[in-house]
Amino acid sequence: MTNDRTTHFGFETVPEGDKAELVRGVFSSVASKYDVMNDAMSLGIHRIWKDAMMDWLAPRSGQKLLDVAGGTGDVAFRFLKRAKIGHATVLDLTEPMLIEGRKRADAAQLESSLDWIVGDAMALPFEDNTFDVYTISFGIRNVTRPQDALREAYRVLKPGGRLMVLEFSQIPNDMLQKMYDVYSFNAIPAMGKLITGDRDSYQYLVESIRKFPDQDTFLGMIEDAGFDNSKFRNLSLGIACLHSGWKL
Numbered sequence: 000m001t002n003d004r005t006t007h008f009g010f011e012t013v014p015e016g017d018k019a020e021l022v023r024g025v026f027s028s029v030a031s032k033y034d035v036m037n038d039a040m041s042l043g044i045h046r047i048w049k050d051a052m053m054d055w056l057a058p059r060s061g062q063k064l065l066d067v068a069g070g071t072g073d074v075a076f077r078f079l080k081r082a083k084i085g086h087a088t089v090l091d092l093t094e095p096m097l098i099e100g101r102k103r104a105d106a107a108q109l110e111s112s113l114d115w116i117v118g119d120a121m122a123l124p125f126e127d128n129t130f131d132v133y134t135i136s137f138g139i140r141n142v143t144r145p146q147d148a149l150r151e152a153y154r155v156l157k158p159g160g161r162l163m164v165l166e167f168s169q170i171p172n173d174m175l176q177k178m179y180d181v182y183s184f185n186a187i188p189a190m191g192k193l194i195t196g197d198r199d200s201y202q203y204l205v206e207s208i209r210k211f212p213d214q215d216t217f218l219g220m221i222e223d224a225g226f227d228n229s230k231f232r233n234l235s236l237g238i239a240c241l242h243s244g245w246k247l
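In structure tokens, the structure reads:
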């Protein structure tokens, strides 16, 4: 029996079974320029958002982190530097992103505390109750079934473990959202073409942001996955948002 369920790939409707390969194609295409493009798209503000994530997370010595869709290691490096002693596993669907991460100077300094694994957020290759912290930054909107990814996060976290999701979200002001949409749909694909030579991938990324649930809806999805004491904090008026939950 075939699976005829569909999902979105940006504004396109595609068979569920096709999305992972399409997403892999996007990030394989832009991997070598991914960090440069992040700085250009956000005017460097993504660094402030990731620091805010670490401030709320408050890494502790000895913790084990799983950073899903961890790509080039930004979040894992920040976590290890704050925890001082700990371990981070960076998992990503796209091997070229992990290869770029391994090339970074931080990776060499922290090599003994890092693992890099190609894997799927919806079927994590880890046993139950393995990690103290699960993070995913600007990645969950690219997962075919985000609810399945959240359930997997709950499964692999230890009791007392924490989930934290950093993702683009919705500005709770219609006029400001429209202004941001004009910037996003016009400037970001054009920058993608200029910096990476790939307009289409960044057109998809902009569209994928618009298809992602708003802050309250996503909070409900986290609670449905089993997490308690779940909350969110808007960043930059809601352009990005941090969601936190606990496995209690």
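Residue numbering for the sequence shown follows numbering that gives the first Met the number 0, starting at 0 and increasing by one per position.
Yeah, the Cβ is synthetic: ideal placement off N, Cα and C, and Gly gets one too.
Distance, Cα to Cα, residue i vs residue j?
i, j, result
"residue 171", "residue 75", "30 Å"
"residue 232", "residue 242", "7 Å"
"residue 226", "residue 148", "13 Å"
"residue 224", "residue 153", "7 Å"
"residue 0", "residue 14", "With a pLDDT of 41 at residue 0, under the threshold of 50, the modelled position of that residue is not reliable, and the figure given next carries that caveat. Cα to Cα, residue 0 sits roughly 14 Å from residue 14."
"residue 246", "residue 133", "11 Å"
"residue 78", "residue 106", "13 Å"
"residue 7", "residue 206", "10 Å"
"residue 217", "residue 109", "33 Å"
"residue 173", "residue 58", "36 Å"
"residue 17", "residue 3", "11 Å"
"residue 116", "residue 182", "35 Å"
"residue 119", "residue 39", "28 Å"
"residue 28", "residue 235", "28 Å"
"residue 320", "residue 150", "It is not possible to answer for residue 320, since the shown part of the chain is limited to 0 through 247."
Around the Cβ of residue i, are there at least 16 other Cβ atoms within 10 angstroms (buried) or fewer (exposed)?
i, result
"residue 158", "exposed"
"residue 111", "exposed"
"residue 10", "exposed"
"residue 20", "exposed"
"residue 113", "buried"
"residue 178", "exposed"
"residue 91", "buried"
"residue 122", "exposed"
"residue 65", "buried"
Return the bridge partner residues of residue i from the DSSP annotation.
i, result
"residue 233", "240"
"residue 161", "132, 245"
"residue 65", "88, 133"
"residue 7", "12"
"residue 194", "None; residue 194 has no bridge partner."
Hey, could you find the ends of the alpha helix (DSSP H) residue i is sitting in?
i, result
"residue 215", "214 to 223"
"residue 59", "Per DSSP, residue 59 belongs to no alpha helix (DSSP H) and is neither H nor E."
Let me know the secondary structure DSSP gives residue i once reduced to three states.
i, result
"residue 110", "helix"
"residue 142", "coil"
"residue 12", "strand"
"residue 79", "helix"
"residue 228", "strand"
"residue 42", "coil"
"residue 0", "Residue confidence for residue 0 is low, a pLDDT of 41 falling below 50, so the modelled location carries little weight; the figure read from the coordinates is stated next. In the structure shown, residue 0 sits in coil (DSSP, three-state: anything other than H, G, I, E or B)."
"residue 126", "coil"
"residue 167", "strand"
Is the Cβ of residue i closer than 8 Å to any Cβ of chain C?
i, result
"residue 64", "Included in the structure is just one protein chain, with no chain C present."
Looking at the ligand GTP, does it come within less than 7 Å of residue i, judged from the CB to the closest heavy atom?
i, result
"residue 203", "For the ligand GTP, the structure offers nothing, since it holds no ligand at all."
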